[in-house]
Amino acid sequence: MRPFGQTELFFIIAALRWTVALSVGALVIGGIAGMLVAVARVQPGRLLRWVTIGFIELFQDTPLLLQLFVAFFGLGIIGINVDAWTAAMIALSLHTAAFLGEIWRGSLEAIPGTQWEAARALSLSWMQTLRLVIMPQAVRISVAPTVGFLVQLIKGTSVTALIGYLEVTRAGQLVSNVTLQPFAVYSVVAGLYVLLCWPLSFASQRLEARLAVSTRRTDPRAA
Amino acid sequence: MSHFAHAAPSERVRESTHGRTPPTVRGSIRVGWAAYRRVISYTFQFGAVFAAFDTLLLGAWLTVRLTAMSVLVGLAIAVVCAYARMNGPRWAGFVVRCYVELIRNTPLLVQLFFVFFALPLVGVRFTPDEAALLTMATNLGAYASEILRAGVEAVPRSQIEAGEALGLRPVQIFRFIIFRPALQTVFPALASQFVLLLLGSAVVSAVSAEELTSAANVLQSRTFRAFEVYAVVLVMYLVMATLFRLAFRIAYQALFERGRSAR
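So this is what it looks like as structure tokens:
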């Protein structure tokens with residue numbers, strides 16, 4: 148048994164970088180894929196739209212943990228030598244792509260149809276309309292929920308501890324096992340997550356309140 | 179027959195590339211082809227999974243029961259919290275805010291570990307199932323109280339003033355004027371939060387609480403068919419989530435829409 152001292156504390160704090168790396172990696176890869184998903188979801192072709200609906204449903208209606216397990220054990224079948232990092236990265240990226248795709252689809256569809264008609268009257272192509280007219284407006288709407296999802300993603304990385312990936316939660320588990328001081332250890336772990344997530348939650352709420360002013364049509368409180 | 183089926187696509191690749199494609203493309207085709215060969219040469223054995231399907235069904239039932247109980251307890255917590263933030267003293271509002279922020283900014287898994295491993299140190303000991311229920315209920319309570327609060331705030335101010343003018347006490351205003359329309363406004367958001375909880379409940383398998391993912395873990399270690407087991411369980415969660423959504427849509431209609439059309 149070891150005391151819960153500076154070395155152990157530093158071990159947990161150092162593992163924070165893997166939580167951050169996983170979140171940022173999944174955000175970048177999942178963000179790019181999510182953009183494609185969102186565009187595929189609003190484009191007129193029916194087949195591609197159904198495929199993306201299926202993709203979104205599959206990842207939004209199943210537990211992240213099971214997605215992780217399937218990636219972890221499924222890749223072994225293909226013969227790729229999977230470590231926990233690869234499996235976690237793949238599962239989290241796909242998870243992120245589905246959620247961000249759905250958020251961004253909502254933002255794109257929130258732009259009134261008259262904007263599409265006006266752009267068409269100016270003889271802009273479909274792609275030009277999306278890129279120059281719809282997206283710049285949709286970004287405003289999507290910022291707050293996107294930041295909100297980032298919090299969900301950071302918390303989601305904790306699940307990778309269950310396939311043995313060493314991030315903050317796993318580090319906490321290990322330290323708790325050798326020091327037998329779970330109370331202190333998990334308080335520190337929870338504190339680190341709060342440190343990481345709370346500013347983002349706060350920013351999301353502020354952004355929502357600020358950006359809502361310009362898009363709100365009627366005051367919900369006015370009877 | 180199957181030999182030709184294997185050979186055909188590679189022939190086509192060789193024809194179409196014609197030696198002019200950059201080596202990277204050809205390389206990636208080769209890697210993809212090798213992966214494809216591995217998948218088709220792997221014998222999927224779902225038989226072992228379906229032979230023990232009754233244990234998975236029992237696990238699914240336990241997951242549904244655990245989620246339903248957490249929803250009931252969590253909703254009770256949420257209503258109390260929403261009321262405290264609206265009408266309670268300032269310190270109560272502060273306590274609720276801290277609770278909500280703490281829960282919403284930490285992972286469910288860490289909360290579970292805290293309840294199961296840390297709380298026994300201060301003398302409260304739980305079985306895995308109790309720890310799972312407690313964690314999930316507290317978790318849902320925080321999210322649901324935020325959702326309910328949004329609904330409460332969306333109730334028009336004039337309605338509350340009308341209630342005050344009729345001499346209703348704050349509790350009565352909450353009960354008769356605010357609660358029902360607020361619940362109706364936020365019901366879809368609450369329903370998706372319940373589904374998220376159902377999906378999140380998979381992590382309580384980490385302390386071996388009895389539910390679907392734990393059943394899958396047991397079956398996996400017994401059959402060594404990890405991929406097959408988890409793929410089947412993944413689909414089971416998909417079905418459960420879909421059924422939950424359907425149930426909530428029916429509940430919404432039964433609670434709010436029927437009454438309205440009768441009036």
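Residue numbers (the numbering used here), protein chains in the order written: chain A, 148 to 370; chain B, 179 to 441. Here a beta-carbon is modelled for each residue, glycine too, at the ideal position from N, C-alpha and C. Since this is a predicted model, take the numbers as computed values, not measurements.
Run of the alpha helix (DSSP H) containing M182 of chain A, from where it starts to where it stops: Run containing M182 of chain A: 153-189, per the alpha helix (DSSP H) assignment.
I301 of chain A to R282 of chain B span [Cα, whole Å]: Rounded to whole angstroms, I301 of chain A to R282 of chain B spans 12 Å at the Cα level.
CB of A322 of chain B within 7 Å of CB of A419 of chain B, strictly: No, the pair does not count as a contact, with Cβ atoms beyond the cut-off.
Range of the contiguous alpha helix (DSSP H) that encloses I355 of chain B: Counting along the chain, I355 of chain B falls outside any alpha helix (DSSP H), and DSSP gives it neither H nor E.
Cβ-based burial, Q372 of chain A [other Cβ within 10 Å; buried from 16]: In this structure chain A extends from 148 to 370, so residue 372 of chain A is not present and cannot be described.
beta-carbon R263 of chain B near the ligand PLP non-hydrogen atom, thresh 6 Å: Ligands in the displayed structure: none, and consequently the ligand PLP is not present.
Range covered by the alpha helix (DSSP H) that runs through V306 of chain A: No alpha helix (DSSP H) contains V306 of chain A, which DSSP labels as neither H nor E.
S254 of chain A vs I288 of chain A beta-carbon contact at 7 Å: Contact: yes.
Beta-carbon proximity of S379 of chain B to S386 of chain B, cut-off 7 Å: With contacts defined by Cβ atoms closer than 7 Å, S379 of chain B and S386 of chain B do not form a contacting pair.
Segment contact flag, the region 284-304 of chain B with the region 324-335 of chain A, C-beta cutoff 8 Å, min 3 pairs: Contact between the region 284-304 of chain B and the region 324-335 of chain A is present, because at least three Cβ pairs lie under 8 Å.
Cβ neighbour criterion (16 or more within 10 Å) applied to A173 of chain A: Buried, since its Cβ has 16 or more Cβ neighbours within 10 Å.
Three-way DSSP call (helix, strand, coil) for E308 of chain B in this model: E308 of chain B: helix per DSSP, three-state reduction.
Cut-off 7 Å between Cβ atoms - residues of its own chain near V336 of chain A, not counting five sequence neighbours on either side: Correct list, in chain order: I159, V315, T316, G319.
Separation of F365 of chain B from R423 of chain B, as counted between CA atoms: Distance between the alpha carbons of R423 of chain B and F365 of chain B: 12 Å.
Contact list for A380 of chain B against chain A, beta-carbon separation under 7 Å: Those within 7 Å of A380 of chain B in chain A are P210, L212, L213.
Contacts that I160 of chain A makes with chain B (C-beta to C-beta distance below 7 Å): Simply none; closest approach about 15 Å.
Simplified DSSP state of V302 of chain B, which is helix, strand or coil: Here V302 of chain B sits in coil by DSSP.
Extent of the continuous alpha helix (DSSP H) to which A429 of chain B belongs: If you look at A429 of chain B, you'll find it in the alpha helix (DSSP H) that goes 404-430.
C-beta contact flag for G329 of chain B and A310 of chain B at 7 Å: Here G329 of chain B is not near A310 of chain B, since their CB atoms are 7 Å or more apart.
Proximity test, Cβ basis, 7 Å: Y340 of chain A and chain B: The C-beta of Y340 of chain A comes closer than 7 Å to at least one C-beta of chain B.
Residues near G130 of chain B in its chain [Cβ-Cβ closer than 6 Å; skip 5 each side]: For residue 130 of chain B there is no data in the structure shown, the boundaries of chain B being 179 and 441.
Alpha carbon of D232 of chain B to alpha carbon of L287 of chain B, nearest angstrom: Cα to Cα, the separation comes out at about 27 Å.
Residues near Q398 of chain B in its chain [Cβ-Cβ closer than 8 Å; skip 5 each side]: Scanning its chain for C-beta atoms nearer than 8 Å, with the 5 sequence neighbours on each side dropped, one finds around Q398 of chain B the residues A404, V407, Y408, in chain order.
Min CB distance A231 of chain A to chain B below 7 Å: Chain B contact via Cβ: absent.
Interface residues of chain A facing V217 of chain B [CB-CB closer than 8 Å]: By Cβ distance, chain A contributes I224, I225.
Three-pair Cβ contact test at 8 Å for the region 195-205 of chain A versus the region 262-279 of chain A: Taking 8 Å as the limit for Cβ pairs, the verdict is that the region 262-279 of chain A does not touch the region 195-205 of chain A.
Residue-level contact to chain B via CB, G253 of chain A, 7 Å cutoff: No, its Cβ sits nowhere closer than 7 Å to a Cβ of chain B.
Min CB distance V288 of chain B to chain A below 7 Å: Cβ-Cβ to chain A under 7 Å: yes for V288 of chain B.
Proximal residues of chain D, C-beta to C-beta of V286 of chain A below 8 Å: Among the protein chains in the structure shown, which are A and B, there is no chain D.
Contacts of Y333 of chain A in chain B (Cβ-Cβ under 8 Å): Those within 8 Å of Y333 of chain A in chain B are V288, F291, F292, F295, A296.
Chain A within 7 Å of Y321 of chain B, Cβ atoms only: Interface criterion not met: the Cβ of Y321 of chain B is under 7 Å from no Cβ in chain A.
Cβ shell of R441 of chain B (< 8 Å), same chain only, five flanking positions each side left out: Confidence at R441 of chain B is low in this model, with a pLDDT of 44, below 50, so its placement is unreliable and the value that follows should be read with caution. Setting aside the 5 residues that flank it on each side, R441 of chain B has no residue in the same chain whose C-beta is closer than 8 Å to its C-beta.
Residues in the region 266-284 of chain B having any Cβ partner in chain A nearer than 9 Å: Those would be E279, L280, R282, N283, T284, in chain order.
Distance, A285 of chain A Cα to S334 of chain A Cα: Approximately 39 Å, taken between the alpha carbons.
Touch test, the region 176-183 of chain A against the region 240-256 of chain A, Cβ-Cβ under 8 Å, three pairs minimum: Segments in contact, yes.
Chain A residues whose Cβ lies nearer than 7 Å to that of Y220 of chain B: Going along chain A in sequence order, the residues near Y220 of chain B (Cβ under 7 Å) are I224.
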